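Colleague:
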Amino acid sequence: MARLLRILIALSATAAALVPSWQTQLDRVFLDIDMKPRTRSRTLFKVIERREEILTDVRSAVESIREKGFKDGHGEAIDLLFPKGTIVRSDLEGLQALRKQVPEAIEDLRKTRPTTTASTPSPPKPEDLRKVAEKLRDGSLQSDIEEELKNALRSTPKGLETPKYKVDKTLGDDCEVRTYEAYAVAELNEERPDGDAFNILAAYLFGKNSEDKAMAMTMPVEMVDGVMSFVLPKADAAQPPAPTDDKVTIGARPARTVVALPFPGVATPEEIERQRSKLADVLKAEGLEAADESYTVLQYNSPFTIPWRRRNELVVALKDAAPKPLVRRKARGDRGPAPPAMPRAAWSGSPFPTRRATAAAPPAS
């Protein structure tokens with residue numbers, strides 16, 4: 001009987017732990033754009049039923065600030081009312097980060113401007129206009145526009161292919177140790193201003209190639225020591241069309257294990273250095289060592305995403321998880337034999353191809 005009672009108590013405690021906090025429920029009601037209207041209404045009523053619990057937590061937060069002062073007490077109040085994992089907490093952290101990033105980004109724009117000359121766009125073809133008219137009639141274009149507007153409010157966009165990986169473990173509050181599957185990229189052969197780099201790679205992806213083939217957009221955009229690359233869709237990765245621009249090359253990322261540290265906002269060179277310092281502290285605390293000084297910044301969002309919800313990640317390879325050398329793929333339509341694999345001595349230890357760069361570039365999108 002006593003054993004049965006203990007089991008019932010344990011099950012009750014487990015069930016209680018599975019119930020979302022009122023903070024999480026309220027957060028989803030007001031900020032989760034993917035929550036269905038009926039679920040939103042039902043969740044709001046559940047939150048209202050927990051008003052005594054809410055009032056208790058609010059009083060505790062106010063009391064903490066009153067006793068310790070705003071400087072020492074506001075952190076405890078924020079943790080209580082806006083805990084880690086909620087959208088509003090991420091928004092607060094993103095807005096805080098922007099206080100430093102925005103002035104840095106403005107200053108960087110003054111120094112670096114795109115130099116690629118934009119060509120005059122060709123007029124739309126009749127068949128293209130017919131396709132648009134058909135999409136307007138069947139409602140599919142409206143659905144696409146609605147999804148793009150939602151992506152402007154999402155930290156991680158939906159509907160875009162991304163390289164596959166599994167999370168092996170977490171380090172601290174934010175870092176993840178990930179094992180990626182192999183994938184292919186289109187990359188520049190040198191560091192260029194972000195606007196130039198994005199336009200050149202986008203042109204290749206959307207049809208400026210040996211087959212005039214338009215491929216699907218993917219995420220994230222990679223900045224490898226300041227040099228930009230696009231992930232190629234899996235359907236085109238085995239035999240991608242050859243670039244017609246000699247500034248673009250095709251590369252293969254091997255399967256590898258990395259450490260990823262997320263950060264919000266704008267990836268200015270100064271912000272990247274702050275995140276590199278933070279990641280170094282995490283690795284030191286965990287007794288781990290990076291393979292070398294090379295790093296990659298992953299950027300997931302379009303330019304239309306609200307700045308404080310932009311998802312960025314700093315990625316480095318662990319010393320004991322250095323991958324095999326990078327292999328250059330032979331693209332369809334490419335002339336001559338494919339270049340040989342890089343020799344072992346040329347590999348930097350990074351999971352990505354290393355290039356010497358003085359500083360990382362700001363966001364690609």
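Here the sequence shown is numbered in my numbering, starting from 1 and rising by one per residue.
Cβ atoms here follow ideal geometry from the backbone N, Cα and C, with glycine treated the same way.
Note that this is a predicted model, so its numbers are computed, not measured.
#1: Taking a contact to mean a Cβ-Cβ separation below 7 Å, would you say GLN25 touches VAL47 in this structure?
#2: Starting from GLU293, follow the alpha helix (DSSP H) in both directions and report where the run begins and ends.
#3: Nearest by alpha-carbon distance to ALA214: which of LEU205, GLU222 and VAL221 is it?
#4: Given a cut-off of 7 Å on the beta-carbon distance, is the pair LEU153 and THR218 in contact?
#5: DSSP three-state call for ALA235: helix, strand or coil?
#6: Please classify LEU55: is it buried, with 16 or more other beta-carbons within 10 angstroms of its beta-carbon, or exposed?
#7: For PHE304, which of TYR295, LYS164 and VAL266 has the nearest alpha-carbon?
#8: Starting from THR179, trace the beta strand (DSSP E) in both directions and tell me its first and last residue.
#9: Within this structure, are the beta carbons of ALA291 and LYS319 separated by less than 7 Å?
#10: Any idea what DSSP makes of SER119, helix, strand or coil?
#11: So for LEU314, helix, strand or coil by DSSP?
#12: Is the region 221-237 in contact with the region 183-200, if contact means three or more CB pairs nearer than 8 Å?
#13: Checking 7 Å against the spacing of the C-beta atoms, do LEU314 and LEU232 come in under that value?
#14: For LEU81, which residues from the same chain have a beta carbon less than 6 Å from its beta carbon, with the 5 sequence-adjacent residues on both sides left out?
#15: In whole angstroms, what separates the C-alpha of ARG250 from that of GLY69?
#16: For the alpha helix (DSSP H) containing PRO307, list its first residue and its last residue.
Modeller: Quick answer:
#1: By the CB criterion at 7 Å, GLN25 and VAL47 fall inside the cutoff.
#2: Counting along the chain, GLU293 falls outside any alpha helix (DSSP H), and DSSP gives it neither H nor E.
#3: Ranking the options by Cα distance to ALA214, first place goes to LEU205.
#4: The Cβ atoms of LEU153 and THR218 lie no closer than 7 Å to each other.
#5: Three-state result, ALA235: helix.
#6: Taking a 10 Å sphere around the C-beta of LEU55, we find fewer than 16 other C-beta atoms and assign the residue as exposed.
#7: Nearest to PHE304 by C-alpha distance, out of TYR295, LYS164 and VAL266, is VAL266.
#8: Where THR179 is concerned, the enclosing beta strand (DSSP E) stretches over 175-180.
#9: For the 7 Å CB-CB criterion, ALA291 and LYS319 form a contact.
#10: At SER119, the pLDDT of 49 sits below 50, so the modelled position is not reliable; the number obtained from the coordinates is stated separately. Three-state DSSP puts SER119 in coil, outside helix and strand.
#11: If DSSP states are grouped into helix, strand and coil, LEU314 belongs with the strands.
#12: Remark: three or more beta-carbon pairs, one from each stretch, lie closer than 8 Å, so the region 221-237 and the region 183-200 are flagged as touching.
#13: LEU314 is not a Cβ neighbour of LEU232, given a cutoff of 7 Å.
#14: Result list for LEU81: ALA61, in chain order.
#15: The amino acid at residue 250 is misidentified as Arg; the sequence shows Ile. ILE250 and GLY69 have their C-alpha atoms some 57 Å from each other.
#16: Careful: PRO307 lies outside any alpha helix (DSSP H) and carries neither H nor E.
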